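>
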Amino acid sequence: MLRVFEARIGVTGGAMGAAATCPRAGPGEGREQKNCLSDSLWVHAREVSLYLRPMGLFFHIGRYTAFLRQVLRRPERGSVFRKLLLEEMNGIGLQSLGIVALLSVFMGAVICIQTAHQIGGWIPVYTIGFTVRQTMILEFSPTLIPVILAGKVGSNIASQLGTMRVTEQIDALEIMGINSANYLVLPKMIAALACIPFLVILSMGLGIGAGMWVGVSTGVSSVADFEYGMRIDFNAFDVTYALIKTCVFALIISSVSAYHGYHTSGGALEVGRSSTKAVVYAVVIVMIANLLLTQMLLG
Amino acid sequence: MIEVKDLSKSFGGQSVLRDVSARFLPGKMNFIIGRSGSGKSVLTKCIVGLHHPERGSVLYDGRDFTAMDHKGKKEIRKEIGMLFQGSALFDSMTVLENVMFPLRMFSDESLDQNRERAMFCLERVELPDAGDKFPSELSGGMQKRVGIARAIAMNPRYLFCDEPNSGLDPQTAIVIDNLIGDLTREFGMTTVVVSHDMNSVMEASDNVHFVHEGTIAWHGESETLLSGGHPALDEFIFASKLMRQLRQTLRP
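As they're listed, the protein sequences go chains H and Y. Using my numbering, you'd call the opening residue of the first sequence number 454 and step up by one each time. Using my numbering, you'd call the opening residue of the second sequence number 5 and step up by one each time.
1. Go ahead and pull the three-state DSSP assignment for T195/Y.
2. Might you give, ordered along the chain, the residues of its own chain that have their beta carbon closer than 8 Å to the beta carbon of L29/Y, omitting 5 neighbours on each side?
3. Counting C-beta neighbours from all protein chains within 10 Å, is the total for S140/Y 16 or more, i.e. buried, or is it exposed?
4. Residues bridged to G85/Y by DSSP?
5. Taking all protein chains shown into account, do 16 or more other C-beta atoms lie within 10 angstroms of the C-beta of K75/Y, making it buried, or fewer, making it exposed?
6. Determine the DSSP secondary structure at I545/H, reduced to helix, strand or coil.
7. Are there 16 or more other CB atoms within 10 angstroms of the CB of L639/H, so buried, or fewer, so exposed?
8. What does I6/Y pair with, by DSSP beta-bridge criteria?
9. Could you round the C-beta distance between N635/H and Q523/H to whole angstroms and report it? I think they count as a contact, below 8 Å.
10. Kindly give me the distance between the Cβ atoms of F520/H and P528/H, rounded to whole angstroms, as I take these residues to be in contact under 8 Å.
11. Would you say K78/Y lies against chain H (beta-carbon separation less than 8 Å)?
12. With DSSP collapsed to three states, give me the class of I37/Y.
13. For the segment 49–60 of chain Y, which residues have a beta carbon sitting closer than 9 Å to at least one beta carbon of chain H?
14. What span of residues does the alpha helix (DSSP H) with H570/H cover, start to end?
15. Who are L21/Y's beta bridge partners in DSSP?
16. Pull the bridge partners of R684/H from the DSSP assignment, please.
17. Can you pull out the residues from the segment 19–37 of chain Y whose beta carbon lies closer than 7 Å to at least one beta carbon of chain H?
18. Report yes or no: do the segment 650–659 of chain H and the segment 114–129 of chain Y share at least 3 C-beta pairs separated by less than 8 Å?
19. Excluding five sequence neighbours on each side, which residues of the same chain lie with their C-beta closer than 7 Å to the C-beta of K77/Y?
20. List the residues of chain Y whose Cβ lies closer than 9 Å to the Cβ of R530/H, in chain order.
21. Step through the CB atoms of chain H and report whether any lies within less than 8 Å of the CB of F69/Y.
22. Do V724/H and G615/H count as a contact pair if the criterion is CB distance below 8 Å?
23. Buried or exposed, going by whether 16 or more other CB atoms sit within 10 Å of the CB of S96/Y?
24. Rounded to whole angstroms, how far is the Cβ of G720/H from the Cβ of V585/H, which I believe are closer than 8 Å?
25. DSSP three-state label for H716/H, please.
26. I think Y162/Y touches E83/Y, with their Cβ atoms under 8 Å apart; what is that distance to the nearest whole Å?
27. Give every residue of the same chain whose Cβ lies closer than 7 Å to the Cβ of A236/Y, excluding the five residues on either side of it in the sequence, and list them in chain order.
28. Once you ignore the five residues that flank L229/Y on each side, which residues in its own chain have a CB closer than 6 Å to its CB?
29. The segment 84–104 of chain Y: which residues have C-beta closer than 9 Å to a C-beta of chain H, in chain order?
30. Quick check on the burial criterion: 16 or more other C-beta atoms within 10 angstroms. Buried or exposed for Q613/H?
31. Anyone know if the C-beta pair for I661/H and K605/H falls short of 8 Å?
32. Count Cβ pairs between the segment 86–96 of chain Y and the segment 138–157 of chain Y that sit closer than 8 Å; are there 3 or more?
33. Where L602/H and K137/Y are concerned, what is the direct C-alpha to C-alpha distance, given to the nearest angstrom?
34. Rank Y715/H, K730/H, S728/H, I697/H by C-alpha distance to the C-alpha of A742/H and give the top, closest one.
35. Within a Cβ cutoff of 7 Å, which residues of the same chain sit near R526/H, ignoring the five residues on either side of it in sequence?
36. Just to make sure I have the definition right: I need the residues of chain H whose C-beta is within less than 7 Å of the C-beta of R81/Y. Which are they?
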C-alpha cells in the first residue's frame, strides 16, 4: 500500500529523507522535474510519505513522546504559570466563543430543516427534536467543533511557536535554564483541556436551541413535539461520551500543533508549513481517535 | 574562565568541529572569528549546551558542563547571559518585561526589586525610557541594547554574543561593541563574541580564535592578528579592498 502511494506521488529512495524525484523526469531533466508538480505540493507529498513510512512514523512517535515528557513537568514558577494559563484561556476559549456559537446555531438550524425534509408519512414529527439532539451531542459538537478549533487554535499555536523557534526566542529560554517546552506548551494544553469542553457544551445547547427555534418558527414542529423528541430515549452517558472525546481531542489539538511548531527549523516558509502540517495532522489524529473512542465507548 | 577541550561535533555524518580546544579568559573580549559555515556558531552552541558534542568537554571555571546532569546544567545556565544575532526579544512582552523575565523566573527578590534591577540594566545600556515599548517599536540597535540588558540582568559570569552587530550601521556597531566591552570589564565577565565583522574585531577584541574548517586554525591576542601568518586567516582578514589598502599602507 505504501509503495503504491509512493509510486503515485513519485517518491523513491530507501532512506528516510530521500529526495523526491518525478516519475516523468528522465536523467538530466532537473528543470522539467519542477514542471511535474509545484514545489510546495512536491514538498508536502514528500512529507506525507515520510509520515507514512514506518521509520518516519516511529521517528515522530518517539520525538512526540520525548516532547511530551519535557512538557509534562512541574512549572518553574507557579505565579508565572498562572498568568500564562489565563492568557491562553483567553486566546483558546474566549476568543473562540464567536465562531463556535455561530457554527453551532447554523448547524442546529440546518439539521432541523434537513430532518423535517426527510420525514413524512409514518415518521413522527418528534423525530426532528430527537435527531437534532443526537446529532449535536454525539457528533457535531464533540467532533466537528474540535476540528474547527484545530484550524483556528492549532494553526495559531504552531505559528506562534514556529516563529519563536526561528527567531531564537526558544533558544533564549533554554539558555536562561528554562524548560522551554514546559513553559510554552503546558499552559496551552491545560487551557485547551479546560476551555474546549466548555465550548462543546455551549455548542450543544446553542445547536439544539437554534434547531428548536427554526423548527417552531418555520412551522415544521411544535414546541411540545420538539421537546418530546429531545427527551425521548435520552441517555446521559451520551454526554459523558461526548465530553470524554472532547477532552482527548483538546489534548491532541494542543499537543500536536505545539509539537509541529516547536520543531520548526528554517524561516518564514517553514513556519507556514508547520502551521499547515499542525492542522492537517491534528485533524487526521482526531478522526482516528474519534473512531477508536466511539468503538471503545459505544461499540 | 571557559575552557573547551577536544570538542567534536558532526551533523548527519558531516564533521563540523574536529578536536577543538580553546580558552576564553575572564574580563576579556574573546572573539571567535571565521568565514560563514566554518563552525563558529556550532562551537558557541556546543559551549552553551544548545548542541551536544560527540566528544570533548566544556569547563566553566573547572566545572565540566558536558558531564553534568540536567540540574547541574540548569545551575550553570543561570550564570550565562546571551545576546542573539536577532536579539530574540519576546514579542509579546514590553522591553521592561523582557529584561525582568529572567529575574521573575529565578530571582527570589520582590517585584519592585526586580523592576529596580531591570531599570538599572536599561539605564546601563542607555535606554531608561524604553521600558513601556514593545520590541517591534525599537530600532535594530535599540533591540540589541535591550538584548544586552536582558543578558546582564541576572549578573552573569559568562556572556555570549552571537554576531552582536550584524545588520547595524558602522557607528551603531561600534557603540554596541564598546558597550559589551565596558560591561565585560565592569562586571569581570568572561565574554565570548562570535563575529565575522573585521571592524568589530579590530575595535573591541582582546583575544581572537580563528575557526577554519572545523578547527581553531589560529589564536592569539588581537594586536598580533594582522601579522598572524596563517594563510586562511590572512585571506579572511584581507578579503576587503579597504583592508588590503590598509596592509599596503602599513608595509614598510
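We treat Cβ as the ideally placed atom computed from N, Cα and C, and that holds for glycine. Here the structure is a predicted model, which means the values were calculated and not measured.
Let me lay it out:
1. As a working mapping, residue 195/Y is identified with position 191 in the second sequence. Residue state, collapsed to three classes: strand.
2. Taking the first residue of the second sequence as position 1, residue 29/Y is located at position 25. Only M5, T194, D210, N211 meet the Cβ criterion.
3. For the purposes of this step, residue 140/Y is taken as residue 136 along the second sequence, with counting starting at 1. It is exposed - the Cβ of S140/Y has fewer than 16 other Cβ atoms within 10 Å.
4. Along the second sequence, one-based indexing puts residue 85/Y at 81. Looking at the DSSP assignment, G85/Y forms a beta bridge with L163/Y.
5. For the purposes of this step, residue 75/Y is taken as the residue at position 71 of the second sequence. With fewer than 16 Cβ atoms within 10 Å of its Cβ, K75/Y is classed as exposed.
6. Here the question's residue 545/H lines up with position 92 in the first sequence. Of the three classes helix, strand and coil, the one that applies to I545/H here is helix, per DSSP.
7. One-based indexing of the first sequence puts residue 639/H at position 186. Buried, since its Cβ has 16 or more Cβ neighbours within 10 Å.
8. By 1-based counting over the second sequence, the position of residue 6/Y is 2. Partner(s): F28/Y, Y64/Y.
9. As a working note, residue 635/H is residue 182 in the first sequence. As a working note, residue 523/H is residue 70 in the first sequence. The Cβ separation is near 6 Å, so the contact holds.
10. As a working note, residue 520/H is residue 67 in the first sequence. As a working note, residue 528/H is residue 75 in the first sequence. Not really, about 16 Å apart at Cβ, beyond 8 Å.
11. On the second sequence, position 74 is the one that residue 78/Y refers to. By this cut-off, K78/Y is an interface position.
12. Numbered from its first residue, the second sequence carries residue 37/Y at position 33. Reduced to three states, the DSSP call for I37/Y is strand.
13. Taking 9 Å as the Cβ-Cβ cut-off against chain H, the residues of the segment 49–60 of chain Y that qualify are K49, V52, G53, L54.
14. Within the first sequence, residue 570/H is the residue found at index 117, counting from 1. From DSSP, the alpha helix (DSSP H) with H570/H extends over 550–571.
15. Counted from its first residue, the second sequence places residue 21/Y at position 17. Its beta-bridge partners are K13/Y.
16. Looking up residue 684/H in the first sequence gives position 231. Answer is none; R684/H lacks a bridge partner.
17. none
18. no
19. Residue 77/Y sits at position 73 when you count from the first residue of the second sequence. Around K77/Y: G53, F69.
20. By 1-based counting over the first sequence, the position of residue 530/H is 77. Chain Y residues near R530/H: R108, M109, F110.
21. Reading the second sequence from its first residue, position 65 is the one you call residue 69/Y. It does not; no Cβ of chain H falls within 8 Å.
22. The count along the first sequence starts at 1 and reaches residue 615/H at position 162. The count along the first sequence starts at 1 and reaches residue 724/H at position 271. Yes. Within cutoff.
23. For this step, residue 96/Y is matched to residue 92 along the second sequence. S96/Y comes out exposed.
24. The residue given as residue 720/H occupies position 267 in the first sequence. The residue given as residue 585/H occupies position 132 in the first sequence. With 8 Å as the limit, G720/H and V585/H do not qualify as a contact, their Cβ atoms being about 48 Å apart.
25. Taking the first sequence and counting its residues from 1, the one referred to as residue 716/H is at position 263. The answer is coil: DSSP assigns H716/H none of H, G, I, E or B.
26. In the second sequence, counting from the first residue as 1, residue 162/Y sits at position 158. In the second sequence, counting from the first residue as 1, residue 83/Y sits at position 79. About 6 Å separates the two Cβ atoms, so the contact holds.
27. Within the second sequence, residue 236/Y is the residue found at index 232, counting from 1. Around A236/Y: H216, A221.
28. In the second sequence, residue 229/Y corresponds to position 225, counting from 1. Taken in chain order, the residues that qualify are V212.
29. The segment 84–104 of chain Y vs chain H, Cβ under 9 Å: I84, G85, M86, F88, Q89, G90, S91, A92, L93, F94, D95, S96.
30. What you label residue 613/H is simply residue 160 of the first sequence in a count that begins at 1. With 16 or more other Cβ atoms within 10 Å, it is buried.
31. Position 208 of the first sequence, counted from the first residue, corresponds to residue 661/H. Position 152 of the first sequence, counted from the first residue, corresponds to residue 605/H. No; because the gap between Cβ atoms is not below 8 Å, this pair is not in contact.
32. yes
33. Along the first sequence, one-based indexing puts residue 602/H at 149. Along the second sequence, one-based indexing puts residue 137/Y at 133. Approximately 32 Å between the Cα atoms of the pair.
34. Residue numbering aside, residue 742/H sits at position 289 when the first sequence is read from its first letter. Ranked by how close their Cα comes to the Cα of A742/H, the residues Y715/H, K730/H, S728/H, I697/H have I697/H in first place.
35. Start at 1 with the first residue of the first sequence, and residue 526/H comes out as number 73. Around R526/H: N632, N635.
36. Stepping through the second sequence from its first residue, residue 81/Y is reached at position 77. Under the 7 Å cutoff, chain H gives I628, M629, G630.
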